[in-house]
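Asker: Residue 4 is where the sequence shown starts when you use the numbering used here, and the numbers rise one by one after that.
Even glycine gets a Cβ: it sits at the ideal position worked out from N, Cα and C.
On a predicted model such as this, the values are computed, not experimentally measured, just so you know.
Sending over a structure as structure tokens; questions will come in a sec.
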Amino acid sequence: MPRSPLETPVLKVLIEHQQVERRIGELAQEVAADYAGSSPLFIGLLNGAVQFMMALIDRLPEELLARLDYDFIGVSSYQGSESTGQIKLTKDLVVAAAGRDVLIVDGIVDRGRSLDFVLAKIKSQQPLSLRVCALLNKRVRREFPVPIDYCGFEIEDAFVVGYGMDCDHRYRALRHIAVIEHARGEPEQWPPRKS
4 MPRSPLETPV LKVLIEHQQV ERRIGELAQE VAADYAGSSP LFIGLLNGAV
54 QFMMALIDRL PEELLARLDY DFIGVSSYQG SESTGQIKLT KDLVVAAAGR
104 DVLIVDGIVD RGRSLDFVLA KIKSQQPLSL RVCALLNKRV RREFPVPIDY
154 CGFEIEDAFV VGYGMDCDHR YRALRHIAVI EHARGEPEQW PPRKS
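Here it is, written out as structure tokens:
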């Protein structure tokens, strides 16, 4: 059933598809140089990193792809649209990180709570090295001091969707990154303010 116009937010393009693609290509070159001669394990955070991680892998040289493994890990701190403040594991790794050069790939680093949880979990497996690649970094909201070794874009405090990021499971498949705005043109803050 279609949503009413009152339920349909205004989406304002923040980063065009071509900009996203170009930046991922640049990140792939950096990653390829740093992992030359290595057999890395890429770990994507579900679900927001899937599109980004696969685009990143697609741009890596064939000789690295032959040595690369990837897996996904799922974590959640939300019930509906409210954060519980506690992280729960929703999907664990299948591929072991022990003794591997690990790259954690995230769509967006906001407060850093989920990434901090995942970093601790992976560190407990004693990887050879551990780095982080994020498409978007929202440093202004950071509560947990997590390292970001490769960053696509720094963004301000607005709720963004597209290229893997969603709002209540919507807009994840957009090829660009957009800000959700109210009809009056103000960016949506996250979490949404209650009246």
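Do Arg134 and Asp113 have their C-beta atoms within less than 9 Å of each other?
Answerer: No, they are not a contact pair.
Asker: Report the CB separation of Gly167 from Ala52 in whole angstroms; it is logged as a contact under 8 Å.
Answerer: So it is a contact: roughly 6 Å between Cβ atoms.
Asker: Mapping DSSP to helix, strand and coil, what is Pro195?
Answerer: The pLDDT assigned to Pro195 is 47, lower than 50, so where the model puts this residue is not dependable, and the model offers no usable value.
Asker: Contact check, Glu105 vs Ile125 under 8 Å by CB: the rounded distance?
Answerer: Here the sequence assigns Val to residue 105, which means Glu is not the residue at that position. The Cβ separation is near 6 Å, so the contact holds.
Asker: Three or more C-beta pairs closer than 8 Å, one from the segment 34 to 51 and one from the segment 71 to 82: is that the case here?
Answerer: Judged by Cβ distances under 8 Å, the segment 34 to 51 makes contact with the segment 71 to 82, as three or more pairs qualify.
Asker: Considering only their Cβ atoms, is the gap separating Ala176 from Gln129 smaller than 9 Å?
Answerer: No.
Asker: Bridge partners of Leu133, per DSSP?
Answerer: Answer by DSSP bridge pairing, in chain order: Val105.
Asker: Going by C-alpha to C-alpha distance, which of Glu66, Val164, Asp152 sits closest to Val16?
Answerer: Checked all of Glu66, Val164, Asp152; the closest Cα to Val16 is Val164.
Asker: Buried or exposed: Gly102, going by 16 or more other Cβ atoms within 10 Å of its Cβ?
Answerer: Exposed.
Asker: Please report how far the alpha carbon of Lys94 lies from the alpha carbon of Phe55, in whole angstroms.
Answerer: Rounded to whole angstroms, Lys94 to Phe55 spans 19 Å at the Cα level.
Asker: Can you tell me which of the three DSSP states Asp160 falls into?
Answerer: Asp160: coil per DSSP, three-state reduction.
Asker: DSSP three-state label for Gly51, please.
Answerer: Residue state, collapsed to three classes: coil.
Asker: Skipping 5 residues on each side, what residues in its chain have a beta carbon closer than 6 Å to that of Asp2?
Answerer: For residue 2 there is no data in the structure shown, the boundaries of the chain being 4 and 198.
Asker: Alpha carbon to alpha carbon, how far is Phe162 from Tyr171? Give it in angstroms, no decimals.
Answerer: Before going on, a small fix: residue 171 reads as Asp here, not Tyr. Cα to Cα, Asp171 sits roughly 12 Å from Phe162.
Asker: How big is the Cα-Cα spacing for His20 and Val34?
Answerer: Distance between the alpha carbons of His20 and Val34: 21 Å.
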